[in-house]
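Right, one structure below, let's go through it.
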Amino acid sequence: MITPGWRIILVLMSGAFYAGAGAALALGRFRRQTAGELDFSVLGAGVVFFFASVLVIPAAGFLAVPAFGLVVSWMGYMVSAQRLALFRLETGPPEPSPRTARGVPPPAR
Numbered sequence: 216m217i218t219p220g221w222r223i224i225l226v227l228m229s230g231a232f233y234a235g236a237g238a239a240l241a242l243g244r245f246r247r248q249t250a251g252e253l254d255f256s257v258l259g260a261g262v263v264f265f266f267a268s269v270l271v272i273p274a275a276g277f278l279a280v281p282a283f284g285l286v287v288s289w290m291g292y293m294v295s296a297q298r299l300a301l302f303r304l305e306t307g308p309p310e311p312s313p314r315t316a317r318g319v320p321p322p323a324r
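In terms of the numbering used here, the sequence shown opens at residue 216 and continues consecutively.
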């Protein structure tokens, strides 16, 4: 019998594994772009993703894999890929264009 405490522990552990799978995918993409060589990070990410889904299914059911696992994996990928400088995510207003920075007024609408 799974108690609520065990369910919380299983979901937290699977969250860590899902985030690790996303980070492994980002690392594999980074190494593919920089060195041009195939890395086994993608295979490792698949194994870790499977292990995480084995942990989360008894805790929350089959629908927890797409509802929880894919979201956490995606966030792990996004954070790791940004740290590896594959792309940049920004929030807030856009940076001013060079035209407005030089003191030239924007064109009239």
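Glycine included, every Cβ here is placed at the ideal spot set by N, Cα and C.
Values in this document were obtained by computation on a predicted structure and should not be read as measured data.
Length of the line joining the Cα atoms of E252 and R244: Position 37 of the sequence shown, counted from the first residue, corresponds to residue 252. Position 29 of the sequence shown, counted from the first residue, corresponds to residue 244. Looking at the two C-alpha atoms, the distance is approximately 10 angstroms.
List, from N- to C-terminal side, the alpha helix (DSSP H) runs of 4 residues or more that fit wholly inside the segment 234 to 296. 256 to 275
C-beta contact flag for R222 and A267 at 8 angstroms: As a first step, residue 222 is located in the sequence shown; it is residue number 7 there, counting from the start. As a first step, residue 267 is located in the sequence shown; it is residue number 52 there, counting from the start. No, they are not a contact pair.
Quick check on the burial criterion: 16 or more other C-beta atoms within 10 angstroms. Buried or exposed for V287? Mapped onto the sequence shown, residue 287 falls at position 72. Looking at its Cβ environment, which holds 16 or more other Cβ atoms inside 10 Å, V287 is buried.
Does the beta carbon of P273 fall short of 7 angstroms from some heavy atom of the ligand ZN? The ligand ZN is absent from the structure shown, which contains no ligand whatsoever.
Would you call F232 buried or exposed, if buried means 16 or more other Cβ atoms sit within 10 Å of its Cβ? Here the question's residue 232 lines up with position 17 in the sequence shown. A residue is called buried once 16 or more other Cβ atoms fall within 10 Å of its Cβ, and F232 is buried on that count.
Given a cut-off of 8 angstroms, decide if S256 and L240 are closer than it, judged by their beta-carbon atoms. Indexing the sequence shown from 1 puts residue 240 at position 25. Indexing the sequence shown from 1 puts residue 256 at position 41. Against a cut-off of 8 angstroms, the Cβ pair of S256 and L240 comes out as a contact.
Using C-beta distances below 8 angstroms, list every residue in its chain close to L301, excluding the 5 sequence neighbours before and after it, in chain order. For the purposes of this step, residue 301 is taken as residue 86 along the sequence shown, with counting starting at 1. Counting only Cβ-Cβ distances below 8 angstroms, and skipping sequence neighbours, we find A241, R244, F245 and Q248.
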